[in-house]
Amino acid sequence: MGKEDDAEQEISLTIEETNRLRISMGLKPLVVDGPATSSEQTAEDNYAKYKEDLEAKREGQAVLERIERAKNKAATARKLTGATLGDASDDEDASGDALAWVEKQKQKDEEKKRKRQKAKEAALAKQKARELEELDESVVEGGGVGSGSGGKGKGGRKGGKEAGSAGGDGLDLGGLKVDHSIEDVAESGEVILTLKDAGVLDDDNGDILQNVSLAEAEKTRENLENKRKKVAYDVYNDSEFHTGNKSSILSQYDEPSKKSSFALSSTGTIEISEEERKKKMSEGLREGAQKLEYEKMGEVRDYYTQEEMVAFRKPKKKKRVRKERTRLEDLDAVEEGGGRDHG
Numbered sequence: 001m002g003k004e005d006d007a008e009q010e011i012s013l014t015i016e017e018t019n020r021l022r023i024s025m026g027l028k029p030l031v032v033d034g035p036a037t038s039s040e041q042t043a044e045d046n047y048a049k050y051k052e053d054l055e056a057k058r059e060g061q062a063v064l065e066r067i068e069r070a071k072n073k074a075a076t077a078r079k080l081t082g083a084t085l086g087d088a089s090d091d092e093d094a095s096g097d098a099l100a101w102v103e104k105q106k107q108k109d110e111e112k113k114r115k116r117q118k119a120k121e122a123a124l125a126k127q128k129a130r131e132l133e134e135l136d137e138s139v140v141e142g143g144g145v146g147s148g149s150g151g152k153g154k155g156g157r158k159g160g161k162e163a164g165s166a167g168g169d170g171l172d173l174g175g176l177k178v179d180h181s182i183e184d185v186a187e188s189g190e191v192i193l194t195l196k197d198a199g200v201l202d203d204d205n206g207d208i209l210q211n212v213s214l215a216e217a218e219k220t221r222e223n224l225e226n227k228r229k230k231v232a233y234d235v236y237n238d239s240e241f242h243t244g245n246k247s248s249i250l251s252q253y254d255e256p257s258k259k260s261s262f263a264l265s266s267t268g269t270i271e272i273s274e275e276e277r278k279k280k281m282s283e284g285l286r287e288g289a290q291k292l293e294y295e296k297m298g299e300v301r302d303y304y305t306q307e308e309m310v311a312f313r314k315p316k317k318k319k320r321v322r323k324e325r326t327r328l329e330d331l332d333a334v335e336e337g338g339g340r341d342h343g
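Note that full-length UniProt numbering gives residue 21 to position 21 of the sequence shown, counting from 1, and the numbers run on in steps of one.
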């Protein structure tokens, strides 16, 4: 019993007592680490948790990549399903005849054309029915299509309806304005005038007549003129010395030219305003003005041509014979003073 108690005492020795005993026996003392501080323990715990989170994230990313690859593989498999180029498709015969396939394609194209034609005819029929309804409404509300010059209801403002003639229908065309110049109408000969499209509230200018072809031609000329104005100023362009309309240096900023138009009288004849009359007179004067243009690159000759001789020849001036008028009173004065002595 005493030996067992000694053994228990040896086992219950502290580390310091054990080290003293080991040193006395010639052994190395035991190395004891110091107690870990709370901050170091927290840092170790945080690092271990970070490594666990990083590993979990890596595993989750790997799972997502495997799922994405599986989706792509399934989509590719769906695209590749069906007949290949070597197999006969549903549109071909089992024998794979190319001629039969071409015939079927032609039939499909014809079927598509028929469907488009039917849709177009249906749209035109609806548009025609709508126009007829509008025409009926204009007749009921306005008492006739374009009757007189005051048909400003639905019938008077709808474009595309012919204006008619002054003599045949007995319409009063007084005050109607034609949106073209007299020269354009005269050059075109017989033209069909229709009411110009305008807004419902745009009643300031009244009814305006126009021709579709002439309107498109004027629009084309206007576009070409605007395109010409966009060109930069050319110092070698001498068009500013020509007579007539001259282009300024910054012509792209010029005000748009006033559009030519004329009005109709009550009988359908043309009324030329004072402004138009002055314009025609100025154009006539410009045409009669002397031109100073010459051919810059012309060949120099030592003789005059027949045309130059005619232009160079000066007409002879006729001497005017002054006839003295003798009045009867002057003759009487001469007779009375003839007998007087001037000495």
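Where is the CB? At the ideal position from N, CA and C, for every residue including glycine.
Bear in mind the structure is a predicted one, so any value in this text is a computation, not a measurement.
Measuring only the C-alpha atoms, how far is residue i from residue j?
{"i": "ALA263", "j": "SER282", "result": "21 Å"}
{"i": "VAL178", "j": "GLU133", "result": "28 Å"}
{"i": "TYR47", "j": "LYS57", "result": "15 Å"}
{"i": "GLU16", "j": "GLU40", "result": "26 Å"}
{"i": "ARG78", "j": "ARG69", "result": "14 Å"}
{"i": "LEU64", "j": "LYS71", "result": "11 Å"}
{"i": "LEU49", "j": "GLU55", "result": "The sequence given here has Lys at residue 49, not Leu. Cα to Cα, LYS49 sits roughly 10 Å from GLU55."}
{"i": "residue 350", "j": "GLU59", "result": "The question about residue 350 has no answer, for the chain in this structure spans 1 to 343."}
{"i": "LYS128", "j": "ALA217", "result": "28 Å"}
{"i": "LYS113", "j": "GLN105", "result": "12 Å"}
{"i": "TRP101", "j": "ALA119", "result": "27 Å"}
{"i": "ALA186", "j": "SER260", "result": "14 Å"}
{"i": "LEU99", "j": "GLU121", "result": "33 Å"}
{"i": "GLU183", "j": "LYS227", "result": "24 Å"}
{"i": "GLU103", "j": "ARG130", "result": "41 Å"}
{"i": "ALA311", "j": "TYR304", "result": "10 Å"}
{"i": "ASP197", "j": "VAL212", "result": "11 Å"}
{"i": "GLU190", "j": "LYS219", "result": "20 Å"}
{"i": "GLU52", "j": "GLN61", "result": "14 Å"}
{"i": "LYS115", "j": "GLY82", "result": "30 Å"}
{"i": "ASP107", "j": "GLN117", "result": "For the sequence presented, residue 107 should be read as Gln rather than Asp. Looking at the two C-alpha atoms, the distance is approximately 15 Å."}
{"i": "ASP109", "j": "ALA123", "result": "21 Å"}
{"i": "GLN306", "j": "LYS258", "result": "44 Å"}
{"i": "ALA125", "j": "GLU111", "result": "21 Å"}
{"i": "SER138", "j": "LYS279", "result": "40 Å"}
{"i": "ASP302", "j": "MET309", "result": "13 Å"}
{"i": "ARG221", "j": "LEU80", "result": "59 Å"}
{"i": "ASP97", "j": "ARG66", "result": "45 Å"}
{"i": "GLU44", "j": "THR14", "result": "29 Å"}
Go ahead and label residue i buried or exposed: buried means 16 or more other beta carbons lie within 10 angstroms of its beta carbon, across all protein chains shown.
{"i": "GLN210", "result": "buried"}
{"i": "SER24", "result": "exposed"}
{"i": "ASP136", "result": "exposed"}
{"i": "LEU176", "result": "buried"}
{"i": "SER38", "result": "exposed"}
{"i": "SER188", "result": "exposed"}
{"i": "ALA163", "result": "For ALA163, the predicted model reports a pLDDT of 41, less than 50, meaning its position is unreliable and no value from the coordinates is stated."}
{"i": "GLY343", "result": "Unreliable placement is indicated for GLY343, whose pLDDT of 43 sits below 50; the coordinate value is still reported in the next sentence. The residue in question, GLY343, is exposed, as its Cβ has fewer than 16 Cβ neighbours within 10 Å."}
Can you give the beta carbon distance from residue i to residue j, rounded, assuming they're within the 8 Å contact cut?
{"i": "residue 346", "j": "THR42", "result": "No answer is possible for residue 346: it lies beyond the span of the chain, which begins at 1 and ends at 343."}
{"i": "LEU224", "j": "HIS180", "result": "So it is not a contact: roughly 18 Å between Cβ atoms."}
{"i": "LEU193", "j": "ASP207", "result": "Going by Cβ atoms, the distance from LEU193 to ASP207 rounds to 11 Å, so no, they are not a contact pair."}
{"i": "ARG22", "j": "LYS28", "result": "7 Å"}
Taking 8 Å as the threshold (beta carbon to beta carbon), is residue i in contact with chain D?
{"i": "GLU225", "result": "The structure shown contains no chain D; it is built from a single protein chain."}
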